[in-house]
Structures are given as C-alpha cells and as structure tokens.
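Below is one structure, written out as structure tokens; the observations come after it.
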Amino acid sequence: MKSRRALRSEMRARRRAVCEPERVRMAGALARHLGASLRVRGARRVACYLSNDGEMRLDPVMDFLRANGRQVLLPALHGDGLWFLPYDRDTRLAPNRFGIPEPVVTGRARCRARDLDVVFMPLVAFDTTGNRLGMGGGFYDRTFSYLRHRAFWTKPLLIGIAYEFQRLESLPSRPWDVPLQGVATEERLYRFDA
4 MKSRRALRSE MRARRRAVCE PERVRMAGAL ARHLGASLRV RGARRVACYL SNDGEMRLDP
64 VMDFLRANGR QVLLPALHGD GLWFLPYDRD TRLAPNRFGI PEPVVTGRAR CRARDLDVVF
124 MPLVAFDTTG NRLGMGGGFY DRTFSYLRHR AFWTKPLLIG IAYEFQRLES LPSRPWDVPL
184 QGVATEERLY RFDA
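So in the numbering used here, spot 142 of the sequence shown is number 145, and the numbers just go up one at a time.
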C-alpha cells in the first residue's frame, strides 16, 4: 500500500489535471445527486468550502442550498480547529495562512460544529468504508473529534466531496481520523452509515 504522502501527491495531481469544462460538468452532476438526497434537503445549516487545488467545486450546490432557504457556512481556521461562518456572495473573504480564501472573522455569528446539520468536506482520497484522506493538517479531524463517540452525538452528517477517481479500495487510517457517513461524487452518493 502506498504511503499517505504518496497518495496525496498522486491524487492532488489528478485533481489539478481535470480541465475546467469537465470540472463544471462534474460539479453540476454532483449538485443533482446532493439535491436529491433527503438528508441534505432536510438540513438547515450546511457547511461547504471554496474549492482549491483542483477540488470538486461546490458553487452549484451552494446556489441550490441558498435557493431553498438553507444557510450556507464556510470554515475559517481558528487555532488548530475550524470555525464556521455564514457565507453569501457578498461575504468578505481573505486568504488564510495556506492561501485559501475564507470569511473574515468579525462580529458575525459563528456556528458551532455541533450546530451544523451537514458538512461537505474536501478530501484527497476516500475508501469504501468511509475513511478520508485530507490534506494532512488535521483541522476537520480535530474539529469533529467528538463524533468518534457517535452514540452521544448525531450531528452533523459528514459528507466527503470527491471525484469518482479519488475512490480507493482501502486507505491507511489513524486513530484520530473521523470517518465520513457518505461521499458524493459526480457519479453517485455513497453511504457508509447504517
């Protein structure tokens, strides 16, 4: 099995190689899959992300959510975790320490991770059991670490967002990795929870 570092390098290169017209087409297909999901349609507060480094775009998904009266939030780095802030087209953004645009933290209301209904998470690779390989910073894992004890917490639903080619048969996991309940690709929605 390849190392996590080698997998990251390979999958990031494949993501960046997707041409823009294909990226737009796949983002539209992804939005249709997510729009048909009853769990997503019933959500009130949904955390998304702004695509970076070839990640699957969520613009059509965010448009769908807003058109249906849902609150869209974006992550913002805070220490070694994430805050979630409301996002619309007028939200002021600034690059974080990794150069990724995020909402400027002001007096705006922050949403605690536990108060989100659904979180769409970027990823580098995923496997058939819900393991996620991220960029390696651990921000999502630390923010949602309380979900490893799922008997006590049921929110939010964690859904990875990926291209179909990012699916692997298995991934090496670490004790601190927080598993996904699903992954949405341009081809389908995978469910890993019961």
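Beta carbons are placed, not taken as given, at the ideal position from N, Cα and C, and that holds for glycine.
Source: prediction; values computed, not measured.
Handout entry: Integer-rounded CB distance, given that residue 49 should sit under 8 Å from residue 120
Key = On the sequence shown, position 117 is the one that residue 120 refers to. On the sequence shown, position 46 is the one that residue 49 refers to. The pair is a contact, with the Cβ atoms about 6 Å apart (cut-off 8 Å).
Handout entry: From 68, 65, 114 and 37, residue whose alpha carbon lies closest to that of residue 1
Key = Only positions 4 to 197 of the chain appear in the structure, and residue 1 is not among them; the question remains open.
Handout entry: Within the segment 121-179, ranges of the alpha helix (DSSP H) (whole runs, at least 4 residues)
Key = Those alpha helix (DSSP H) runs which fall completely within the segment 121-179 and span 4+ residues are 142-146.
Exercise for the section: Identify the continuous alpha helix (DSSP H) that holds residue 38 and give its terminal residues. Expected result: Within the sequence shown, residue 38 is the residue found at index 35, counting from 1. Its alpha helix (DSSP H) spans residues 23-38.
Exercise for the section: Would you mind stating whether residue 60 and residue 29 have Cβ atoms separated by less than 9 Å? Expected result: Within the sequence shown, the letter at position 57 stands for residue 60. Within the sequence shown, the letter at position 26 stands for residue 29. Contact flag set, yes.
Practice task
Check each candidate in 13, 85 and 145 and name the one with the smallest Cα separation from residue 52.
Solution key: Position 49 of the sequence shown, counted from the first residue, corresponds to residue 52. Looking at the Cα atoms, 85 is the closest of the given residues.
Problem - Chain-order list of residues whose beta-carbon lies under 6 Å from that of residue 36 (same chain, five-residue window excluded) - result: For the purposes of this step, residue 36 is taken as residue 33 along the sequence shown, with counting starting at 1. Cβ neighbours of residue 36 beyond the five flanking positions: 187 and 192.
Problem - Proximal residues to residue 26 (C-beta, below 7 Å), its chain only, five neighbours per side dropped - result: Position 23 of the sequence shown, counted from the first residue, corresponds to residue 26. Around residue 26: 60.
Practice task
Rounded to whole angstroms, what's the CA-CA distance from residue 19 to residue 68? Just pull it up for me.
Solution key: Position 16 of the sequence shown, counting from 1, holds the residue named residue 19. Position 65 of the sequence shown, counting from 1, holds the residue named residue 68. Each residue's Cα considered, the two are about 26 Å apart.
Practice task
Indicate the three-state DSSP secondary structure (helix, strand or coil) for residue 92 in the structure shown.
Solution key: Against the sequence shown, residue 92 aligns to sequence position 89. Coil.
Exercise for the section: Identify, in the order they occur along the chain, each residue of the same chain with its Cβ nearer than 8 Å to the Cβ of residue 96, setting aside the five sequence neighbours on each side. Expected result: Indexing the sequence shown from 1 puts residue 96 at position 93. In chain order, 53, 104, 105, 106 and 107 place their CB closer than 8 Å to the CB of residue 96, counting only its own chain and leaving out the 5 sequence neighbours on each side.
Handout entry: Helix, strand or coil at residue 16 [DSSP, three-state]
Key = As a first step, residue 16 is located in the sequence shown; it is residue number 13 there, counting from the start. Of the three classes helix, strand and coil, the one that applies to residue 16 here is helix, per DSSP.
Handout entry: Counted within 10 angstroms of its Cβ, other Cβ atoms place residue 23 as buried (16 or more) or exposed
Key = Start at 1 with the first residue of the sequence shown, and residue 23 comes out as number 20. With fewer than 16 other Cβ atoms within 10 Å, it is exposed.
Exercise for the section: Counting only the same chain and skipping the five closest in sequence on each side, list residues whose C-beta sits under 7 Å from that of residue 151. Expected result: Within the sequence shown, the letter at position 148 stands for residue 151. Excluding sequence neighbours, residue 151 sits near 181.
Exercise for the section: Within 10 angstroms of the Cβ of residue 3, are there 16 or more other Cβ atoms? Answer buried if so, exposed if not. Expected result: The question about residue 3 has no answer, for the chain in this structure spans 4 to 197.
Practice task
Can you have a look at residue 101 and say buried or exposed, based on whether 16 or more other CB atoms are within 10 angstroms of its CB?
Solution key: Along the sequence shown, read from residue 1 onward, the residue named residue 101 stands at position 98. Exposed: under 16 other Cβ atoms inside 10 Å.
Practice task
Using the Cα positions of residue 189 and residue 83, report the straight-line distance between them to the nearest angstrom.
Solution key: As a position in the sequence shown, residue 189 is number 186, starting the count at 1. As a position in the sequence shown, residue 83 is number 80, starting the count at 1. Each residue's alpha carbon lies about 31 Å from the other.
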